[in-house]
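Engineer: Pasting in a structure now, in structure tokens, and then I'll have a few things to ask.
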Amino acid sequence: MSHTLQWNANRFERTARAVSWTVTAYDDHERQVCATGSMQSADNARYWHEHWSGKHFVGRVELAELAIDITERFIAFGDLPAPGRSAELPELPAGAHRVSRHYRFTSGPAVLPTPEHVRRYYKWLTDGQGCPLPTTPHVDLARLRLLEVTVIHSARRLDLADLPS
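Right under this line is the structure:
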């Protein structure tokens with residue numbers, strides 16, 4: 018999946034959208050005959066849709082679009098929920114079936130699942146800055162920024178004509 022993030026200069030956030038497709042074939046009794054994995058190419062989805070549509074034992078072929086929307090935005094350390102409280106998830110948009118939120122710093126692990134993980138990691142970083150051990154990460158704390166990452170998964174059925182060229 019392509020996760021090319023684009024910055025929105027006015028809101029200090031960046032977004033990405035990754036789209037893939039699946040093709041599922043059913044017999045006349047609505048039993049699944051075959052299902053593809055997630056495909057990033059619309060041409061592959063079109064090929065498999067046409068392939069299964071031509072089989073005499075296939076009653077119908079279903080095409081689904083799967084999308085993952087990622088939004089990263091800078092937040093201040095003080096904007097984290099109070100200790101002991103979990104982060105609030107945004108409401109599910111229409112068509113979405115799962116939403117998650119995690120945090121990350123501009124330097125360090127890609128996923129810090131809770132505000133408590135953020136606090137512990139930041140404390141570990143700051144406590145280790147004066148340590149001469151070679152395993153201690155050296156980070157410019159003045160340039161370290163915190164990002165809140167929201168990931169929304171959605172799926173919808175498509176007609177073959179709705180696939181992009």
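Sequential numbering from 18 applies to the sequence shown in my numbering.
For glycine and all other residues, C-beta sits at the position ideal for the given N, C-alpha and C.
What you are looking at is a predicted structure, and each value in this text was computed from that prediction instead of being measured.
So SER70 is in the alpha helix (DSSP H); what residue range does that whole segment cover?
Structural biologist: The residue given as residue 70 occupies position 53 in the sequence shown. Membership of SER70 in the alpha helix (DSSP H) is indicated by the continuous run 59–70.
Engineer: Please classify ALA93: is it buried, with 16 or more other beta-carbons within 10 angstroms of its beta-carbon, or exposed?
Structural biologist: Counting from 1 along the sequence shown, the entry for residue 93 is found at position 76. Answer is exposed; the Cβ neighbour count stays below 16.
Engineer: Give me, in chain order, the residues of the same chain whose beta-carbon lies closer than 6 Å to that of GLY145; leave out the 5 immediate sequence neighbours on both sides.
Structural biologist: Translated into positions along the sequence shown, residue 145 becomes position 128. Cβ neighbours of GLY145 beyond the five flanking positions: THR153.
Engineer: Look up ALA178 in the DSSP assignment and say whether it is helix, strand or coil.
Structural biologist: Residue numbering aside, residue 178 sits at position 161 when the sequence shown is read from its first letter. In the structure shown, ALA178 sits in a helix (DSSP, three-state: H, G or I).
Engineer: DSSP on LEU129, reduced to helix/strand/coil?
Structural biologist: Residue mapping note: residue 129 aligns to position 112 of the sequence shown, counting from 1. Residue state, collapsed to three classes: strand.
Engineer: Which runs of the alpha helix (DSSP H) spanning at least 4 residues fall entirely within the stretch 130–166, listed in chain order?
Structural biologist: 132–145
Engineer: Under 8 Å: do the stretch 76–85 and the stretch 37–46 share three or more Cβ pairs, one atom per stretch?
Structural biologist: yes
Engineer: Buried or exposed: which applies to ILE169, given that a residue is buried once 16 or more other Cβ atoms fall within 10 Å of its Cβ?
Structural biologist: Locating residue 169 in the sequence shown gives position 152, counting from the first residue. With 16 or more other Cβ atoms within 10 Å, it is buried.
Engineer: Among all the DSSP beta bridges, which residues are the ones paired with THR88?
Structural biologist: Locating residue 88 in the sequence shown gives position 71, where the first residue counts as 1. Answer is THR32 and THR167, bridged to THR88.
Engineer: Return the Cβ separation of TYR30 and ARG90 in integer angstroms, given the expectation that the two are a contact with Cβ distance under 8 Å.
Structural biologist: Position 13 of the sequence shown, counted from the first residue, corresponds to residue 30. Position 73 of the sequence shown, counted from the first residue, corresponds to residue 90. Looking at the sequence provided, one finds Glu at residue 30 rather than Tyr. About 4 Å; that satisfies the 8 Å criterion.
Engineer: Thinking C-beta only, is VAL36 closer than 8 Å to ALA111?
Structural biologist: The residue you call residue 111 lines up with position 94 of the sequence shown. The residue you call residue 36 lines up with position 19 of the sequence shown. It is not a contact, given that the beta carbons lie outside the stated cut-off.
Engineer: Grab the span of the beta strand (DSSP E) containing HIS114 for me, first residue to last.
Structural biologist: Within the sequence shown, numbered from 1, the residue matching residue 114 stands at position 97. Where HIS114 is concerned, the enclosing beta strand (DSSP E) stretches over 113–122.
Engineer: Is ALA62 buried or exposed, if buried means 16 or more other CB atoms sit within 10 Å of its CB?
Structural biologist: Counting from one through the sequence shown, the residue named residue 62 turns up at place 45. Buried: at least 16 other Cβ atoms inside 10 Å.
Engineer: Below 8 Å, how does it come out for the stretch 95–115 and the stretch 125–133: are there three or more Cβ pairs, yes or no?
Structural biologist: yes
Engineer: From what residue to what residue does the beta strand (DSSP E) around VAL50 run?
Structural biologist: Working through the sequence shown from its first residue, we reach residue 50 at position 33. First-last of the beta strand (DSSP E) with VAL50: 49–52.
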